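Undergrad:
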Ligand SMILES: [Zn+2]
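Numbering (this note's numbering), first residue to last: 12 to 273.
1. Got a sec: does ligand 1 put a non-hydrogen atom nearer than 7 Å to the Cβ of residue 229?
2. At which residue ranges does the region 60-104 contain complete beta strand (DSSP E) runs of 3 or more residues, listed in the order of the chain?
3. How about residue 232: is its Cβ closer than 7 Å to a heavy atom in ligand 1?
4. Under the criterion of a Cβ to heavy atom distance below 7 Å, does residue 168 qualify as lining ligand 1?
5. Is residue 277 helix, strand or coil by DSSP?
6. What does the Cβ neighbour count give for residue 115, buried or exposed, with the cut at 16 atoms within 10 Å?
7. Report the rounded CA-to-CA distance for residue 273 versus residue 248, giving the unit in angstroms.
8. Which value, in whole angstroms, describes the spacing of the CA atoms of residue 188 and residue 198?
9. Quick one, which of 228, 130 and 78 has its alpha-carbon nearest residue 184's?
10. Could you tell me which of 174, 214 and 231 sits nearest to residue 202, measuring between CA atoms?
11. Tell me the rounded alpha-carbon separation between residue 107 and residue 235.
12. Once you ignore the five residues that flank residue 21 on each side, which residues in its own chain have a CB closer than 7 Å to its CB?
13. For the structure I just gave you, are there three or more beta carbon pairs, one from the region 166-178 and one from the region 130-147, closer than 8 Å?
14. Going by other Cβ atoms of all chains shown within 10 Å of its Cβ, with 16 needed for buried, is residue 241 buried or exposed?
15. Please go through the same chain and pick out, in chain order, the residues whose beta-carbon is closer than 8 Å to the beta-carbon of residue 205, but skip the five residues on each side of it.
16. Kindly examine ligand 1 and report whether one of its heavy atoms sits closer than 7 Å to the Cβ of residue 172.
17. Mind reading off the beta-carbon distance from residue 244 to residue 270? Whole number of angstroms is fine, and I expect it under 8 Å.
18. Do residue 147 and residue 132 come within 8 Å of each other at the CB atom, strictly closer than that value?
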């Protein structure tokens with residue numbers, strides 16, 4: 012309780028600090044969606060970035076050097092997911108590890124009931140419920156900041172996983188306010204996930220990345236990418252999914268979308 016009060020006071024002070032000019036220039040130059048937000052959303056985003064950058068540690072990997080550009084580009088995209096809601100700033104996350112491009116990871120994948128495939132795969136990002144860290148490729152982060160409507164954004168994807176972990180389970184369900192919301196979320200996600208799996212199995216083209224057919228955890232992260240990057244298309248083709256995400260995020264990204272009308 013005392014710690015919470017102390018933390019809240021500290022965060023209030025951080026949010027009230029004048030935003031460094033140099034950081035603002037970097038955001039204006041590299042983070043395209045920033046220009047499309049309303050004035051009050053921009054102000055709220057900058058406040059969150061101050062707290063985020065004061066609380067999270069960044070580490071360069073594979074010879075990569077962390078600069079202010081790297082820190083603010085990641086923070087700005089991660090904090091978009093926090094607007095309009097009471098937030099604890101990704102409480103499970105302490106450190107963000109950044110590689111220059113893709114990085115290699117050992118992976119063991121089940122491909123049949125008793126069959127596992129092991130190997131080295133290249134990745135753009137990852138995080139886990141017990142990791143306390145989140146890994147990103149700078150190449151992918153930069154691309155995500157520069158193109159806000161191609162449906163792909165590694166920062167939004169990995170931080171969506173962190174939101175999923177906030178209620179102590181990795182299950183594709185973030186902390187929802189009411190029982191009614193949980194029930195309607197479960198119903199919508201179940202049928203949307205099933206139709207993505209069916210489309211994936213039969214090779215039908217989909218708006219959502221079929222990586223979301225892997226499991227409900229990835230389905231949530233992929234849906235978040237589409238919600239912020241291709242909201243018009245998501246609203247048109249998956250209105251119930253769009254409505255659940257809008258209710259959870261308390262945002263309507265159609266209002267600031269860079270997407271072509273579609
Ligand atoms: Zn994922």
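Glycine residues also receive a C-beta, built at the ideal position from the N, C-alpha and C atoms. Remember, it's a predicted structure, so these values are computed and weren't measured experimentally.
TA: According to the data block:
1. yes
2. 68-71
3. yes
4. yes
5. No information on residue 277 is available, as it lies outside the stretch 12 to 273 that the chain covers here.
6. exposed
7. The pLDDT assigned to residue 273 is 49, lower than 50, so where the model puts this residue is not dependable; a value taken from the coordinates is nonetheless given after this. Rounded to whole angstroms, residue 273 to residue 248 spans 10 Å at the Cα level.
8. 16 Å
9. 228
10. 231
11. 20 Å
12. none
13. yes
14. buried
15. none
16. yes
17. 7 Å
18. no
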